[in-house]
Amino acid sequence: MAGLVFVFLWFAIGGLAHFFMTDAEMRIVPPIVPWPRAVVLVSGAFELVGAAGIAWHKTRRFAAMGLFVLTVAVTPAHIYMLQRPELFDVPYWALVLRLPVQLGLLGLIAWIGGFHVRRGGRGADLSGGRDS
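Heads up: the sequence shown is residues 0 to 131, going by numbering that gives the first Met the number 0.
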């Protein structure tokens, strides 16, 4: 339950920040990405929808899949911040720590979504532990 609350708050607060701190969020979008304002607003909307989706058990699994993909998709922004730390008013250690935290977040999202890897190396089982 604590993990679910953590992920919900992470994405709910983060999603709101995309709308209330749009200019600050746009600064971390790598220059190669077109339309940074639209990217920030759309990703913020996805964060809010994902947070709402994991809060309800009937949509939790689908929402977790979306949040997992979204978290992977925003990784270039965190790498960009690491490559250009002088552009951001964030301690370098925090930028370095962000990537392992993101890996932990991915693990927590996968756990909440009920994803697990089958034994025997046959790949991911996305059934959520239910028999097919």
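In this text, a Cβ means the ideal position worked out from N, Cα and C, and glycines have one as well.
Which of the three DSSP states, helix, strand or coil, is assigned to P115?
The residue you asked about is not Pro; residue 115 is His in the sequence shown. Reduced to three states, the DSSP call for H115 is strand.
Taking the alpha carbon of D88 as the reference point, which residue from A23, V4, G14 has its own alpha carbon closest?
A23
Around the C-beta of L66, are 16 or more other C-beta atoms found within 10 angstroms, so that it is buried, or is it exposed?
buried
Please report the distance separating the alpha-carbon of A11 from that of H17.
Using only the alpha carbons, I get a separation of about 10 Å.
Quick one: grab the DSSP three-state call for I27.
coil
With DSSP run on the structure shown, which of helix, strand or coil describes W34?
W34 carries a coil assignment under DSSP once its states are collapsed to helix, strand and coil.
Drop a sphere of 10 angstroms on the beta-carbon of G106, count the other beta-carbons inside from all chains shown, and report buried for 16 or more, exposed for fewer.
By the beta-carbon neighbour count (other beta carbons within 10 angstroms, threshold 16), G106 is exposed.
Helix, strand or coil for V195 per DSSP?
The first residue shown for the chain is 0 and the last is 131, placing residue 195 beyond what the model contains.
Can you tell me where the alpha helix (DSSP H) with H17 in it begins and where it stops?
Counting along the chain, the alpha helix (DSSP H) containing H17 begins and ends at 1-19.
Tell me which same chain residues have a C-beta within less than 7 Å of the C-beta of G2, skipping the five on either side of it?
L107, W110, I111
Looking at the structure shown, is P90 part of a helix, part of a strand, or coil, going by DSSP?
coil
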